[in-house]
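Residue numbers (my numbering), protein chains in the order written: chain A, 1 to 229; chain B, 230 to 458; chain C, 459 to 699; chain D, 700 to 940.
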Amino acid sequence: MSTVEHTDRGPLSREEMAAVVARDIPDGSYVNLGIGQPTTVAAHLRPGSGVVLHTENGMLGMGPVVTGDDADPDLTNAGKQPVSELPGASYFHHADSFAMMRGGHLDVCVLGAYQVSASGDLANWHTGAPDAIPAVGGAMDLATGAKDVLVMMTLFAKDGSPKLVPACTYPLTGVGCVSRVYTEVALFDVSGDDVVVLETWGESVAELVDRLQLRIARATRPRGPGRLR
Amino acid sequence: MSTVEHTDRGPLSREEMAAVVARDIPDGSYVNLGIGQPTTVAAHLRPGSGVVLHTENGMLGMGPVVTGDDADPDLTNAGKQPVSELPGASYFHHADSFAMMRGGHLDVCVLGAYQVSASGDLANWHTGAPDAIPAVGGAMDLATGAKDVLVMMTLFAKDGSPKLVPACTYPLTGVGCVSRVYTEVALFDVSGDDVVVLETWGESVAELVDRLQLRIARATRPRGPGRLR
Amino acid sequence: MSRTQFHTAAGGTTAAEAADAALSASGVASGMTVLVGGFGMAGMPVALVDALIRHGADELTVVSNNAGNGDTGLAALLAAGRVRKVICSFPRQSDSWVFDGLYRAGRLELEVVPQGTLAERMRAAGAGIGGFFCPTGAGTLLAEGKETRVIDGREHVLEMPLRGDVALIGAHRADRAGNLVYRKTARNFGPVMATAAATTVVQVGGVVEVGALDPEAVVTPAIYVDHVVDLRSTSGEEHAA
Amino acid sequence: MSRTQFHTAAGGTTAAEAADAALSASGVASGMTVLVGGFGMAGMPVALVDALIRHGADELTVVSNNAGNGDTGLAALLAAGRVRKVICSFPRQSDSWVFDGLYRAGRLELEVVPQGTLAERMRAAGAGIGGFFCPTGAGTLLAEGKETRVIDGREHVLEMPLRGDVALIGAHRADRAGNLVYRKTARNFGPVMATAAATTVVQVGGVVEVGALDPEAVVTPAIYVDHVVDLRSTSGEEHAA
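Spelled out as structure tokens, the structure:
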């Protein structure tokens, strides 16, 4: 079996999750990192990987978040934090930036989620609560446009219910758009007909299946670092 | 009556036609001059008029045609002749250039024509002959996009038939898109319900109506230089 | 016809007075749709929004990526009761209390549009495109009531152009011909909004002579620029633009 | 993933060999759709078209503004019998005798598209737009057989995206990251075609170091650029690009 079960340790920390996502991003990819936890992936990209970061507010070649005197109010990421510019960067306006995204030119985007379904549906923009103010930002465009959409989330909600579900109960961001789901206890591929578990941390596949109440297949071929397909 | 009849002289020469078109273009207009005779209008624009020339192959602020050592193969007009760049020019790609046109941002374009109908239909791209190779270029985009489409043409074809007609017999370039028709013997406004003759050269309105076999109204208000509406 | 007019904070005129003059000349009026540039504070035309508040036009539809932060700018416009409807991608922010309160009180209409669709709908308006099929939002709440079509096996949503009567945007520099350049990610919605509005008003951090901008590097050609407010102070220092 | 590869005419490699290497690496093959940049000779990727002829791929669909001039470039590709169909706005020119002859002999399929629609259809392909309504061509022969719709009182034609398998374009300079700038009106179709093709090959008059291009002035970001052929000769002189 090619599914890797790390049962000799506990679940991943948030930083470890970011490192696992970074590990899987192919060298030379053009990548958009969503607001929040996905942003932490940047720090784990291997120097020399040639990964180029896109920010939907109009830039390729985005560098790390900066603070203090280096902060430039005209140079921010999608979370409106000041960032830096790397050599080889370019700027473009919002329509061009989202054309780049929607046109399928980005290799990878990493997003957070409330729920992901077994068929790769994503729910990450709206709780559906009656008093919630809906705010979508670029989430639907990112979910629709990138060649591979990677989700980073805890596998269980605060109430203990799974967030990888047969069908999303929250309003959708995109249909069948997610490739992989990175959680603290397991890494899933949801791009095919079956949910395939590629790796677990702190528990076995058997234990996981019990907790998830979801049909899950084991991987039939190994997928090493830097390979999403 | 506000129609001006210049019966004390002959029809306009080609240069005089260009001068009349130039006379009518409002100061500060953004203008596209079509390939061929319309190009001659440029030389008659009043210095200081502030008219800015657009060429659909990606430039605002186009200067005159240049020859010899000044010719730059990377800087041409839509007719592929070398041109110059004026101060304040800008370059953009083809999609942006035609967005500018289609979006209604150009004030005026001047085009040649095979035929114009009484309701402002334009035919200028295709003779419809069975062995003709169709070639439309930017004609349909220009006809559709500019706020005012001015046509420059002889009023009669070589066989003596009028080119301002009740309905075009040649394949159309655009429907109801022409504002004015400048010919060697008369200037017509075709933007409204009636064909209105604004000015004649070398014959009277009465003589013209006889030759055209078309319902033509006289102008009821004066329209001076630099006014198209 | 669209020859750019310049409104300069110099010779006894303050920047605010220059902005007021531009807003007045723009013809902005109650009931209009106003496109407001910026992504967060980057590219936000603060001086022009302040002038819009002083102008007094109300019953406005405001199109902007966000719906105001803190108590200034767009938030102040909302607080002053001038806005009937907000069209944006992301109203909910940590400091969007003005919007949140008005929305929850039912005093503001909200149309949430995915950020890329928002940009593309304005691009369509500027480019004379009557509508476009777009996969973004297909199968979601935001496609409800919209025409859809499966193209190449994928569901698309028909999105319509989004036009403004007036656009208020920020840019880095204008030249005397009216051409604009932007600075870094402050470019964002400015170039698209400039094409999508009948009248475009721009605040810039300085105006340079014709010829000082590289024609290859002009981002917004002068044809899209109606009014330029030069925020450079008489002392030669610049305000942020 | 798309990291730009460079093919340089230097160290014993001729420009033609560099172009051949790029065409080979592009994966161009018989039956494909090839987008060819240029408006007349401005921006025409002559070295790449010559390499395409040497490559030998046939049954091609060629998308370009014109259909070849004289006996070189696109005209030579047509004369060599490699093209099944031409999609262009303006095939008929004073020196388009190769096209004219093949077309009249029924040996070439022709799709005439208004120039702006041609550009916008490729822009749609690159931007992930599934189709768009456009007023250009409404009520004319070129709208026959196409879906139409009246929007805001005006008839529009539904136009579909136009994708390429490979784009061959000319630019002025690339940097080592793969970003492109163009020169004057030689920009024309290049930036749009680069977005519309699965693989984009560019000939440039020189490659500069990363950092030598102003990030504000980059016209085609490296994400759209797969192969760069540097035509600068070993002597340091440049060929036209």
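We treat Cβ as the ideally placed atom computed from N, Cα and C, and that holds for glycine.
- Between A324(B) and chain D, the shortest Cβ-Cβ separation is below 8 Å.
- Shown here, W354(B) sits in coil according to DSSP, grouped into three states, outside any helix or strand.
- Look at R229(A): its C-beta is not under 8 Å from any C-beta on chain D.
- Judged by DSSP in its simplified three-state form, R409(B) adopts strand.
- Identification of residues in the region 44 to 63 of chain A having a C-beta nearer than 9 Å to some C-beta of chain D yields G50, V52, H54, M59, L60 and G61, given in sequence order.
- Residues of the region 472 to 504 of chain C whose Cβ lies closer than 8 Å to any Cβ of chain D: none.
- For the region 545 to 568 of chain C, the set of residues with a beta-carbon nearer than 9 Å to any beta-carbon of chain A comprises C546, S547, F548, P549, R550, Q551, S554, F557, D558, Y561, R562 and L568, in chain order.
- Inter-residue distance for A473(C) and D688(C) is about 7 Å (C-alpha atoms, whole angstroms).
- Y30(A) is positioned such that its CB atom lies no closer than 8 Å to that of H6(A).
- Look at the region 847 to 921 of chain D and you find these whole runs of beta strand (DSSP E), each 3 residues long or longer: 847 to 850, 853 to 858, 863 to 870, 872 to 874 and 896 to 903.
- Around the beta carbon of D851(D), fewer than 16 other beta carbons sit within 10 angstroms, so the residue counts as exposed.
- About 14 Å separates the beta carbons of M153(A) and T127(A), which is beyond the 8 Å limit, so they are not a contact pair.
- Under the DSSP assignment, Y561(C) falls in the alpha helix (DSSP H) whose first and last residues are W555 to R562.
- With a threshold of 8 Å between beta carbons, G120(A) makes no contact with chain C.
- The beta carbon of A71(A) sits closer than 8 Å to the beta carbons of P82 from its chain, once the five residues preceding and following it are set aside; these are given in chain order.
- Distance from the Cα of S552(C) is smallest, within the candidate group N527(C), N646(C) and P503(C), for N527(C).
- The residue among V424(B), R238(B), L289(B) and I264(B) with its C-alpha nearest the C-alpha of V407(B) is V424(B).
- Contact holds between the region 899 to 915 of chain D and the region 870 to 878 of chain D, because three or more Cβ pairs, one in each stretch, are under 8 Å apart.
- Annotation: F789(D) is outside any beta strand (DSSP E) and is labelled neither H nor E by DSSP.
- By the beta-carbon neighbour count (other beta carbons within 10 angstroms, threshold 16), Q902(D) is buried.
- Taking the CA atoms as reference points, V666(C) sits about 36 Å from A368(B).
- Counting along the chain, the unbroken alpha helix (DSSP H) around V504(C) starts and ends at V504 to H513.
- Counted as a single uninterrupted DSSP element, the stretch harbouring L384(B) is not any beta strand (DSSP E), since DSSP gives it neither H nor E.
- Annotation: Cβ neighbours of D303(B) in chain D (cutoff 7 Å, chain order): A741, R882, K883, T884 and A885.
- One Cα belongs to Q463(C), the other to V659(C), and the distance between them is close to 9 Å.
- Only G586, I587, G588, G589, F590, F591, C592 and P593 from the region 581 to 596 of chain C bring a Cβ to less than 7 Å from some Cβ of chain D.
- The count of Cβ pairs closer than 8 Å, one atom from the region 583 to 603 of chain C and one from the region 817 to 832 of chain D, reaches three, so the stretches are in contact.
- A direct Cα-to-Cα measurement between V748(D) and R215(A) gives close to 53 Å.
- Annotation: the region 465 to 492 of chain C contains the following complete segments of the alpha helix (DSSP H) (minimum length 4 residues), in chain order: 473 to 484.
- Judged by beta-carbon spacing, G308(B) lies within the 8 Å limit of T268(B), meaning their Cβ atoms are closer than that value.
- Annotation: G628(C) to G648(C) spans about 7 Å, alpha carbon to alpha carbon.
- For L747(D), not one C-beta of chain B is nearer than 8 Å to its own C-beta.
- Beta-bridge analysis with DSSP links Y320(B) to M288(B).
- In the DSSP assignment, D24(A) falls within the unbroken alpha helix (DSSP H) covering R14 to D24.
- Under the three-pair Cβ rule at 8 Å, the region 313 to 323 of chain B counts as touching the region 675 to 688 of chain C.
- Rounded to the nearest whole angstrom, the CA to CA distance from M499(C) to P73(A) is 7 Å.
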